[in-house]
Structure formats: structure tokens, C-alpha cells
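Before any comments, here is the structure.
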Amino acid sequence: MTLRVMFDSNAYDAILKNGDSERIKSAHLEVIRTDAQEDEIAQIRDGFKRNQLMSLFMMGQPVVAPGMPWNASRDLIIGTTAAMYADILVTDDRQLIVQLAKTAPALRVLTYEDFRTEFLT
Numbered sequence: 022m023t024l025r026v027m028f029d030s031n032a033y034d035a036i037l038k039n040g041d042s043e044r045i046k047s048a049h050l051e052v053i054r055t056d057a058q059e060d061e062i063a064q065i066r067d068g069f070k071r072n073q074l075m076s077l078f079m080m081g082q083p084v085v086a087p088g089m090p091w092n093a094s095r096d097l098i099i100g101t102t103a104a105m106y107a108d109i110l111v112t113d114d115r116q117l118i119v120q121l122a123k124t125a126p127a128l129r130v131l132t133y134e135d136f137r138t139e140f141l142t
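When the count follows the numbering used here, it moves up by one through the sequence shown with no breaks and lands on 142 for the last residue.
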């Protein structure tokens, strides 16, 4: 069984910073992505960094985010989508981690460092 992983936008920064893209590709994970992350990456002003992050982001399989209110936050969209489609959400957003522990306790949520230690070493 393939492990389905969704990376929050801040995790893509960590992947880039640590040079882990090839390790992730060889880890035999199914990376899930949604429009909310793409929107966050698209807003990065530094064009070089934005292009690097978008390249990493595109390695994932797109999924359709669940129907959400028009004013739903990107964090809510990412968390809800991860709860529906992923086994693990990787994020360094402490507020999102706390929120998901309450609203989606079955979803495993890891910081990037914890994910890196467990799956990439």
C-alpha cells in the first residue's frame, strides 16, 4: 500500500531548503496536492523561488478539494482535503496542527522535520 502524503505550502519551502526533492521522489509516496497550495505558492513575489516551489508542487497528484464555503481559509481547505485523501499531512503551521488534532484526529500530522526523520533518512 502506497502512503498518501499532502505537504502544506510551508513544507514545500522545507523540501527546497533541505534539497529533499529527489529523496521524496524515491520514497515511493503518493503526493497529493490541491488548488489551495498552488494559490499560496503563486503569491510568492520572488519569481525564482516561486518557480522552484511550483516545480516541486507539480510532482503531486491533483485532487478536488471538498465543497467549501467561498470564504474558507486555505488552511481549512488544505486540512479538510488532507483528511479526505491523505494518510499524512506535513506542515509546520502549529495552529493548523492543533486544529486538525481536534477536527480530524484520524489524520496523521507531522512537522517537516519529523517527516524527514521518519521517511527520508
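Positions of the beta carbon are idealized from the N, C-alpha and C atoms, including for glycine.
Judged by DSSP secondary structure, R129 falls within the beta strand (DSSP E) whose first and last residues are 129 to 131. A distance below 6 angstroms between beta-carbons, with the five flanking residues on each side excluded, links T132 to the following residues of its chain, in chain order: D113.
Using a 10 angstroms sphere on the CB of R54, the tally of other CB atoms reaches 16 or more, which defines it as buried. Counting only the Cα atoms, M75 lies some 10 angstroms from G68.
Cβ-Cβ distances below 8 angstroms link A32 to V111, T112, D113, Y133, F136 in the same chain, with the five nearest sequence neighbours on each side left out; the list follows chain order. Here the stretch 23 to 37 makes contact with the stretch 71 to 86; the two share three or more CB pairs at distances below 8 angstroms.
In the DSSP assignment, R25 forms a beta bridge with E51.
As summarised for the stretch 34 to 94, the continuous alpha helix (DSSP H) elements at least 4 residues long and confined to that stretch are 42 to 47, 56 to 63, 68 to 78, given in chain order. Around the beta carbon of T142, fewer than 16 other beta carbons lie within 10 angstroms, which makes this residue exposed. Judged by DSSP in its simplified three-state form, L141 adopts coil rather than helix or strand.
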